[in-house]
Amino acid sequence: MTAAAPQLETDRLAERIKPDAEFRVSDTKTEAPEVLRQRLADEGYLFVRGLTDLTQLTELRRQILELCREHGWLAPHAPLLDGVYSGIPFPDYSREYMPMYRKLIKLELFNSFARSQELMDLFAQLLQGEVLCHPRTIARVSFPRHYAFTTQPHQDFWYIRGTPETFTAWMPVGACPRELGGLALLERSHKLGFLPHEKAIGAGGNGVRTEKLGLRWLAADFRAGDVVLFHSYMIHGALDNHTPDRLRLSLDYRYQLAKEVVDPSSLKPHYG
Ligand SMILES: O=C(O)CCC(=O)C(=O)O
Numbered sequence: 002m003t004a005a006a007p008q009l010e011t012d013r014l015a016e017r018i019k020p021d022a023e024f025r026v027s028d029t030k031t032e033a034p035e036v037l038r039q040r041l042a043d044e045g046y047l048f049v050r051g052l053t054d055l056t057q058l059t060e061l062r063r064q065i066l067e068l069c070r071e072h073g074w075l076a077p078h079a080p081l082l083d084g085v086y087s088g089i090p091f092p093d094y095s096r097e098y099m100p101m102y103r104k105l106i107k108l109e110l111f112n113s114f115a116r117s118q119e120l121m122d123l124f125a126q127l128l129q130g131e132v133l134c135h136p137r138t139i140a141r142v143s144f145p146r147h148y149a150f151t152t153q154p155h156q157d158f159w160y161i162r163g164t165p166e167t168f169t170a171w172m173p174v175g176a177c178p179r180e181l182g183g184l185a186l187l188e189r190s191h192k193l194g195f196l197p198h199e200k201a202i203g204a205g206g207n208g209v210r211t212e213k214l215g216l217r218w219l220a221a222d223f224r225a226g227d228v229v230l231f232h233s234y235m236i237h238g239a240l241d242n243h244t245p246d247r248l249r250l251s252l253d254y255r256y257q258l259a260k261e262v263v264d265p266s267s268l269k270p271h272y273g
């Protein structure tokens, strides 16, 4: 049983997402590319198990957790790869989180992993042309029970612009059962078009109110190597990290056809 997140005293959007159903699993090894393309068009996402290289992913986890340890976020006696939080007060965003994050986004493996063969081949197959992987690669560290920081429902097009035919690949760096705060998608919400956003708590600070849309939230327990990719109009948000002491590490990478329009901000590192 997981603890319920408290209702926050805020005038900003602060929904607590509760999944209604599971992601459908797509098998990129056995299902034909046209079947996957059609599913992506119909459902707005593909959830693929075991796509990425586990050795590289584990090495990236180690490197990110080394930085977390350097900044005092890890319990000193727990094994590094367990990602156990030290329990210090949550880092202040600009004074404490950003100095660590600026180091993280310079990690070579964090950037090269976005262009790993498995991801680039899959997107080339889905988009049918030369793929641009956005240089603006993003990572997240989600702290246990830091409910004021949970990413609210939003569409990535709000931030990315350029062509709406841009796709995010979201993946945890290590296993991410849902109590650790994975990603949830609002079923078929990519069909709603681009929606107005309002001020929200959490990463990004903007969101879409979903209670009245009448759509189901989909989620899954991610294993290491699993990836969910989705259209830029797909409404998605994070689940709360309900664990008492674990950090959730994740990546979001973006892909589009190279010949389509791209916003210049996507070509720069995160936060410039
Ligand atoms: O990981 C998160 O908390 C949010 C990720 C997200 O919104 C995205 O990948 O676009």
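Each position in the sequence shown, counted from 1, maps to that position plus 1 in the numbering used here.
Glycine included, C-beta positions come from ideal geometry on N, C-alpha and C.
Since the structure is predicted, the reported quantities are computational estimates derived from the model, not experimental observations.
A residue is called buried once 16 or more other Cβ atoms fall within 10 Å of its Cβ, and His155 is buried on that count. For Val174, the three-state secondary structure derived from DSSP is coil.
Just measuring C-alpha positions, the residue of Arg179, Gln153, Val174, Phe231 sitting nearest Gly205 is Gln153. Assigned with DSSP and collapsed to three states, Asn112 falls in helix. In the structure shown, Phe223 adopts extended strand secondary structure according to DSSP, grouped into three states. Here Leu9 is not near Gly208, since their CB atoms are 7 Å or more apart. In this structure, the straight-line span from the alpha carbon of Gly273 to that of Glu44 is close to 33 Å. Ligand 1 never approaches Trp218 closely enough for any of its heavy atoms to be under 6 Å from the residue's Cβ.
Annotation for Phe48: no alpha helix (DSSP H) segment contains it, though the beta strand (DSSP E) segment containing it runs 46 to 49.
Three or more Cβ pairs drawn from the region 210 to 227 and the region 43 to 60 lie within less than 8 Å of each other, which places the two stretches in contact. Taking a contact as a CB-CB distance under 8 Å, the pair Tyr86 and Pro92 does not count as one, their CB atoms being some 11 Å apart. Of the candidates Ala140, Ser143, Phe114, the residue whose Cα lies closest to the Cα of Cys134 is Phe114.
With a beta-carbon spacing of about 16 Å, Glu188 and Leu230 fall beyond the 8 Å limit used to define contacts. In the structure shown, Lys200 adopts extended strand secondary structure according to DSSP, grouped into three states.
Counting other Cβ atoms within 10 Å of its Cβ, Val36 stays below 16 and is therefore classed as exposed.
Within its own chain, the residues whose Cβ lies closer than 6 Å to the Cβ of Val263, once the five positions on either side in sequence are excluded, are Gly163, listed in chain order. Assigned with DSSP and collapsed to three states, Arg141 falls in strand. Sequence-distant partners of His198 (beyond 5 residues in either direction) whose C-beta falls short of 8 Å from its own C-beta, in its chain, are His155, Gln156, Trp159, Asn207, Gly208, Val209. Within the DSSP bridge table, the entry for Phe168 names His232, Tyr256 as partners.
If you draw a 10 Å sphere on the C-beta of Ala42, you find fewer than 16 other C-beta atoms in it, and that means exposed. In the DSSP assignment, Trp218 is bridged to Leu187.
For ligand 1, a non-hydrogen atom lies closer than 6 Å to the CB of Trp171.
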